[in-house]
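Visitor: Let me begin by handing over the structure; questions about it come next.
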Amino acid sequence: MRKHEGIKLNDKSPASVSSKGRTSLFDSIDEASEQNQDGLVRAVELFASELVKLKTKLKSMTSQKSSEILNSVAEEIHLQLQNVHSQIQTDIGKLTGLSKSKRKRLETRFEDQQKHLRLIYDKFKEEVNLHLQDCRSTVEGLDADQIEIKGALEKQRVAHKKLLSHVEEVVEMQLNDAQRKISATHEMARGKLLQLKHVIVMCLEDGIIS
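Counting from 1, position 92 in the sequence shown corresponds to residue 693 in this note's numbering; the numbering is continuous, with no gaps.
Okay, structure coming up:
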């Protein structure tokens with residue numbers, strides 16, 4: 602608008618030239634030129650100001666649009682994260698339930714195995730105690746048998762000693778009897794030899810005499 606105002610002033614300048622003369626015409630031209638320059642400067646300044654406003658508005662609109670886009674994306678991401686979180690919680694719940702169920706089964710199985718092992722241990726302990734009692738009874742029996750055997754051996758030793766003493770006496774008597782018999786036999790043989798010598802002497806004497 603200011604530019605057009607400058608042009609209107611320009612349209613009036615020929616009339617003033619005809620009324621005031623050539624000098625006034627040059628003055629009017631200079632004044633119009635200055636006014637045109639001022640109008641152009643103001644127009645440029647106004648354009649620059651409007652451009653700054655437009656730039657600011659565009660920045661604001663861009664920032665708002667970016668904010669809306671970011672908010673929309675953030676909401677979508679939030680929903681996706683919520684869905685993922687819900688899925689994870691569901692899976693964890695399933696796994697937890699499965700883990701609890703499996704753990705319960707394992708605990709029950711472990712308790713059954715413990716009971717079975719306890720029964721085996723108690724039975725083994727009972728059998729061991731019975732074996733220990735048998736061993737003690739056997740040892741006690743061996744001790745009693747050993748005492749009995751010692752008594753029997755002592756009796757046999759005494760009996761054998763008596764028997765040996767009796768045998769020694771009998772043998773000594775038999776040896777003495779044999780010695781007496783041998784001595785008697787020797788005496789008898791010596792007497793018979795003397796008798797034989799006496800007979801021989803008598804026979805010899807008879808032969809010589811004859």
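Ideal placement from N, C-alpha and C gives every residue a C-beta, glycine not left out.
Could you name the residues of the same chain whose beta carbon sits closer than 7 Å to that of S700, not counting the 5 residues immediately before and after it, in chain order?
Guide: Indexing the sequence shown from 1 puts residue 700 at position 99. Closer than 7 Å at Cβ, skipping near neighbours: no residue.
Visitor: Could you compute how far the alpha carbon of L720 sits from the alpha carbon of H679?
Guide: Translated into the one-based positions of the sequence shown, residue 720 becomes position 119. Translated into the one-based positions of the sequence shown, residue 679 becomes position 78. So the two alpha carbons sit approximately 59 Å from each other.
Visitor: Please go through the same chain and pick out, in chain order, the residues whose beta-carbon is closer than 8 Å to the beta-carbon of V740, but skip the five residues on each side of it.
Guide: For the purposes of this step, residue 740 is taken as residue 139 along the sequence shown, with counting starting at 1. Excluding residues within five positions, none has a Cβ falling inside 8 Å.
Visitor: How many angstroms separate the CA atom of T691 from the CA atom of V685?
Guide: For this step, residue 691 is matched to residue 90 along the sequence shown. For this step, residue 685 is matched to residue 84 along the sequence shown. C-alpha separation (whole angstroms): 10 Å.
Visitor: Got a sec? Which residues, its chain only, sit under 6 Å from D723 by beta carbon, not counting five neighbours each side?
Guide: Stepping through the sequence shown from its first residue, residue 723 is reached at position 122. There are no such residues.
Visitor: What's the gap between the Cα of I693 and the Cα of E708?
Guide: Walking along the sequence shown from the start, residue 693 turns up at place 92. Walking along the sequence shown from the start, residue 708 turns up at place 107. Each residue's alpha carbon lies about 21 Å from the other.
Visitor: What's the gap between the Cα of E749 and the Cα of R737?
Guide: The count along the sequence shown starts at 1 and reaches residue 749 at position 148. The count along the sequence shown starts at 1 and reaches residue 737 at position 136. Spanning the two alpha carbons is a distance of roughly 18 Å.
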